[in-house]
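> Take a look at the following structure, please.
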Amino acid sequence: MTLRLLLLALLASPARAHSPIFPRPLAPILSLPAIPMTPASLQRRQELALGASFIAVPALARRPEAPPARHAVLSLLRRDVGSLAASGGGRQLASRLEDLWDGARPSDTAAPDVLAGPPRFLQVERRDQAFVSAAVAAARRSPTGRRILERIDALARRRGRPVRVAVRPLKGEWGAYDYIRDVLELHAGFRSEPELAAPTLAHELQHVLQHEAGVPAEALEMELEAHLVSIEVMRELGIAPSPETFDAVALRQLERGVEDYIRWMQGQLPAKLLLIGSGFAALEDQLDTEASELEQRLDRGAGKILAARLDWTLRDLQLVRSAAGRRRYRGFARRVVARLGRAHRRLEQRGRQ
């Protein structure tokens, strides 16, 4: 499906965001509804899976109890992009990372003094300030990371409060943004090598920005963009993920095509809302079902977390029913598709050379 048709699909359409370590098995992709290929099929209402809930903390039963050692799991290699050693698929993957963003190189002059502590727009516990400062310094060396940090600074000034950052062991993920509590979390395993946390930090800060855009809190388009941010920052810092990790698989899907990337991500996160290739009626049905299930559970005496989830779900239901909310979501999704298209074309152009 061409990028043009994806954009046409958007025009025709009348809580916890996390950075997983491993992808889910690829088999679920085969059972997903295809993104509509013709204008007539754009109005079909898709049956969307409601597997994991819309909460700020999705179930991770299929993932490991705790991330294994870094070298066994991620094998993020900090090297100069132009001289990555060939080990297994490392050279080919690094080459594709290089292809995505031409001309962007780490900027040593942009890194602040780590001893100065984390920036004022991040609120960090004292024991983690040195680590987060180093991760921020690394992110600033990436043009993409630097732009995100500048936008977060502006957001914090506008809101009158910093973004809270917590560093702790996480199960099956490198980072998360709990939008109900408004807390960004980083996996404690990064403490020994804070530069490797920069892509995850940028990814989660992108989620903070996205949640200010007035679109549904569980929009899959957020993840489509945030994982692109992760890959972009990795490339700019000369970090190459090992082939089995989530972002490495995501890059391979994007190399195949925008539709492949979107469908694969939908298979990884089936409970998310997806406007691309769908319609607002289907999203209303999905949110209405979720709200009904949460209300039933609350009637049985569930606690504050479920109540907060219900509030967010009802907020999103109202959003997708309003003309202004639909306009914002449609525009956001269009922008994400266009960004994915530009990245895919860079890969295609390099492949033809």
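For the sequence shown, numbering that gives the first Met the number 0 begins at 0 and goes up steadily by one.
Think of the CB as a built atom: it goes at the ideal place given N, C-alpha and C, for glycine as much as any other residue.
Taking the alpha carbon of P117 as the point to measure from, which residue in R146, P161 and S141 has its own alpha carbon closest?
Position 118 of the sequence shown, counted from the first residue, corresponds to residue 117. Ranking the options by Cα distance to P117, first place goes to P161.
> Between M233, L236, L273 and Q122, which has its C-alpha nearest G159's C-alpha?
Position 160 of the sequence shown, counted from the first residue, corresponds to residue 159. When only C-alpha atoms are compared, the closest one is Q122.
> Counting along the chain, where does the alpha helix (DSSP H) carrying A249 start and finish?
Position 250 of the sequence shown, counted from the start, is the residue given in the question as residue 249. Looking at the DSSP string, the run of the alpha helix (DSSP H) that includes A249 is F245 to R255.
> Between which two residues does the beta strand (DSSP E) harbouring A175 extend?
Walking along the sequence shown from the start, residue 175 turns up at place 176. E172 to D177 is the span of the beta strand (DSSP E), which, as asked, contains A175.
> For H186, which of helix, strand or coil comes out of DSSP?
If you number the sequence shown from 1, residue 186 lands on position 187. Reduced to three states, the DSSP call for H186 is strand.
> Taking only the alpha-carbon atoms, compute the straight-line gap between E254 and A342 and give it to the nearest angstrom.
Stepping through the sequence shown from its first residue, residue 254 is reached at position 255. Stepping through the sequence shown from its first residue, residue 342 is reached at position 343. Distance between the alpha carbons of E254 and A342: 9 Å.
> Considering only DSSP beta bridges, list what S18 is partnered with.
Here residue 18 refers to the residue found at position 19 when the sequence shown is read from its first residue. In DSSP, S18 forms a bridge with G174.
> Determine the burial state of A225: buried for a count of at least 16 other Cβ atoms within 10 Å of its Cβ, exposed for fewer.
Stepping through the sequence shown from its first residue, residue 225 is reached at position 226. Burial call: buried.
> Buried or exposed: S291, going by 16 or more other Cβ atoms within 10 Å of its Cβ?
Taking the first residue of the sequence shown as 1, we reach residue 291 at position 292. Exposed, by the Cβ-count rule.
> Tell me whether E235 is buried or exposed, calling it buried when 16 or more other Cβ atoms sit within 10 Å of its Cβ.
One-based indexing of the sequence shown puts residue 235 at position 236. E235 is buried by the Cβ-count criterion.
> Quickly, what does DSSP pair L316 with across the bridge? List them, please.
Here residue 316 is taken as the residue at index 317 of the sequence shown, counted from 1. In the DSSP output, where bridge partners are listed per residue, L316 has none listed.
> For A268, does the three-state DSSP call read helix, strand or coil?
Residue mapping note: residue 268 aligns to position 269 of the sequence shown, counting from 1. Note that residue 268 is Leu in the sequence shown, not Ala. Three-state result, L268: coil.
> State buried or exposed for K271, treating a residue as buried only when at least 16 other CB atoms are found within 10 Å of its CB.
The sequence position of residue 271 within the sequence shown is 272, counting from 1. Classification for K271: buried.
> List the DSSP bridge partners of L121.
Taking the sequence shown and counting its residues from 1, one reaches residue 121 at position 122. Partner(s): V162.
> Could you name each continuous alpha helix (DSSP H) segment of 4 residues or more that falls completely within the stretch 196 to 233, going from the start of the chain to the end?
List check, alpha helix (DSSP H) in window: 197 to 209.
> I'd like the span of the alpha helix (DSSP H) that includes D287, first residue to last.
For the purposes of this step, residue 287 is identified with residue 288 of the sequence shown, where counting begins at 1. Run containing D287: F279 to D298, per the alpha helix (DSSP H) assignment.
> Is the beta carbon of L204 closer than 9 Å to that of I230?
Looking up residue 230 in the sequence shown gives position 231. Looking up residue 204 in the sequence shown gives position 205. Taking 9 Å as the Cβ cut-off, I230 and L204 do not qualify as a contacting pair.
> Secondary structure at L73, three-state DSSP: helix, strand or coil?
Taking the sequence shown and counting its residues from 1, the one referred to as residue 73 is at position 74. In this prediction, L73 has a pLDDT of 33, which is less than 50 and means its spatial position is unreliable; what the coordinates show is noted afterwards. Coil at L73, not helix or strand.
> Using the Cα positions of S277 and S191, report the straight-line distance between them to the nearest angstrom.
Numbered from 1 along the sequence shown, position 278 holds the residue referred to as residue 277. Numbered from 1 along the sequence shown, position 192 holds the residue referred to as residue 191. Approximately 43 Å between the Cα atoms of the pair.
> Tell me whether T288 is buried or exposed, calling it buried when 16 or more other Cβ atoms sit within 10 Å of its Cβ.
Along the sequence shown, read from residue 1 onward, the residue named residue 288 stands at position 289. Flag for T288 reads exposed.
> Kindly indicate which residue of E217, G324, H202 and A322 has the alpha-carbon position closest to the one of S18.
Counting from 1 along the sequence shown, the entry for residue 18 is found at position 19. Selected option, being the one with the closest Cα: H202.
> I'd like to know whether the C-beta atoms of L185 and V164 end up nearer to each other than 9 Å.
Within the sequence shown, residue 185 is the residue found at index 186, counting from 1. Within the sequence shown, residue 164 is the residue found at index 165, counting from 1. Yes, Cβ-Cβ distance for L185 and V164 is below 9 Å.
> Excluding the 5 residues preceding and the 5 following A306 in the sequence, name in chain order all residues of the same chain whose CB lies nearer than 8 Å to its CB.
As a first step, residue 306 must be located in the sequence shown, where it is residue number 307. The residues are L297.
> Taking 9 Å as the threshold (C-beta atoms), are L208 and R150 in contact?
Within the sequence shown, residue 150 is the residue found at index 151, counting from 1. Within the sequence shown, residue 208 is the residue found at index 209, counting from 1. It is a contact, given that the beta carbons lie within the stated cut-off.
> Could you check if E124 is buried or exposed, using at least 16 other CB atoms within 10 Å of its CB as the buried criterion?
By 1-based counting over the sequence shown, the position of residue 124 is 125. It is exposed - the Cβ of E124 has fewer than 16 other Cβ atoms within 10 Å.
> Using a Cβ-Cβ cut-off of 8 Å (strictly less than) and excluding sequence neighbours within five positions of E283, which residues of its own chain qualify?
Sequence index remark: in the sequence shown, residue 283 carries index 284 (1-based). Contacts found: L316, V319 and R320.
> Beta-carbon of E243 versus every beta-carbon of chain B: anything under 9 Å?
Absent from the structure is chain B; it holds one protein chain and no more.
> Are A138 and A197 closer than 9 Å when you measure CB to CB?
Working through the sequence shown from its first residue, we reach residue 138 at position 139. Working through the sequence shown from its first residue, we reach residue 197 at position 198. Yes, they are a contact pair.
> Leaving out five residues on either side along the sequence, give the residues of the same chain with a beta carbon under 7 Å from the beta carbon of M221.
For the purposes of this step, residue 221 is taken as residue 222 along the sequence shown, with counting starting at 1. Excluding residues within five positions, the ones whose Cβ falls inside 7 Å are A16, H206 and Q209.
> Rounded C-beta distance between V166 and V131? I'm assuming under 8 Å.
Sequence index remark: in the sequence shown, residue 166 carries index 167 (1-based). Sequence index remark: in the sequence shown, residue 131 carries index 132 (1-based). Between V131 and V166 the Cβ distance is about 7 Å, and since that is below 8 Å, they are a contact.
> Name the DSSP beta bridge partners of R167, please?
Translated into positions along the sequence shown, residue 167 becomes position 168. Per DSSP, H186.
> Whose CA, out of D259, R299 and G174, lies closest to the CA of P193?
For the purposes of this step, residue 193 is identified with residue 194 of the sequence shown, where counting begins at 1. Nearest of D259, R299 and G174 to P193, Cα basis: G174.
> Provide the residue span of the alpha helix (DSSP H) that contains S321, from first to last.
Taking the sequence shown and counting its residues from 1, one reaches residue 321 at position 322. Note, S321: premise wrong, no alpha helix (DSSP H); not H, not E.
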